[in-house]
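Since the structure comes first, as structure tokens, the remarks are kept for the end.
Residue numbers (the numbering used here): 703 to 887.
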């Protein structure tokens with residue numbers, strides 16, 4: 703089926719239009735989405751969203767080049783999905799959880815910003831992390847600096863989630879002891 707016929711199916715609001723579009727352009731759109739997104743499932747979701755966007759756009763639009771039209775939709779959707787994914791990895795939604803985990807290490811009645819102003823927190827953390835074994839230091843930084851999830855850290859270091867949780871629990875305990883020793887808390 704040629705592009706003109708597929709566009710006519712869209713204009714007639716025939717669901718066959720989506721099936722024909724997927725048959726003819728599915729490989730192209732999956733290829734675009736896969737090159738931008740890391741996970742196959744995300745790429746498939748992006749391609750399915752492409753079909754929905756095309757359905758909603760035709761009519762009123764009548765693309766001259768259906769391949770270019772679908773490619774642009776797929777690319778934009780994939781880039782938006784990637785942006786959301788990287789924003790989540792930077793800690794979106796995780797910051798309150800991370801602060802709760804570290805709450806035992808913060809002085810009562812103070813917040814992290816106050817603490818940083820009043821103390822040389824950077825020096826304390828550097829000394830603390832410098833005294834830790836490499837794996838503990840890496841796990842601690844992945845969790846509290848990069849805001850990675852427990853699952854992501856476990857996969858990254860090829861260990862169980864419970865092992866990651868235990869490393870973090872012990873590290874927070876040692877950090878708390880150091881802060882108590884230096885009369886910070």
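All residues carry an ideal CB built from backbone N, CA and C; glycine is no exception. Keep in mind that this is a model prediction, so the values were computed, not measured.
May I have the straight-line CA-CA distance separating residue 852 from residue 845, to the nearest angstrom? 7 Å
Given that a residue counts as buried once 16 or more other Cβ atoms are within 10 Å of its Cβ, and exposed if not, what is residue 883? Exposed, by the Cβ-count rule.
Residue 875 to residue 825, Cα distance in whole Å? Each residue's CA atom was taken as its position, placing residue 875 and residue 825 some 18 Å apart.
Taking the C-alpha atoms as reference points, what is the distance between residue 780 and residue 828? Answer to the nearest angstrom: the Cα atoms are 39 Å apart.
Are the CB atoms of residue 772 and residue 738 within a distance shorter than 7 Å? no
What residue range is occupied by the uninterrupted alpha helix (DSSP H) comprising residue 749? 742-759
Report yes if the C-beta distance between residue 805 and residue 838 is below 7 Å; otherwise report no. no
From the DSSP output, in three-state form, read off residue 850 for me. coil
Give every residue of the same chain whose Cβ lies closer than 6 Å to the Cβ of residue 735, excluding the five residues on either side of it in the sequence, and list them in chain order. 745, 748, 749, 776, 780.
For residue 862, name the three-state secondary structure that DSSP assigns. The DSSP-derived three-state label of residue 862 is coil.
By the DSSP assignment, the alpha helix (DSSP H) with residue 716 in it spans what residues? No alpha helix (DSSP H) holds residue 716; DSSP gives it neither H nor E.
Report back the beta-carbon spacing between residue 722 and residue 709 to the nearest angstrom; my notes put them in contact at under 8 Å. The pair is not a contact, with the Cβ atoms about 10 Å apart (cut-off 8 Å).
Which residue's Cα is closest to the Cα of residue 768: 861, 842, 833, 724? 724
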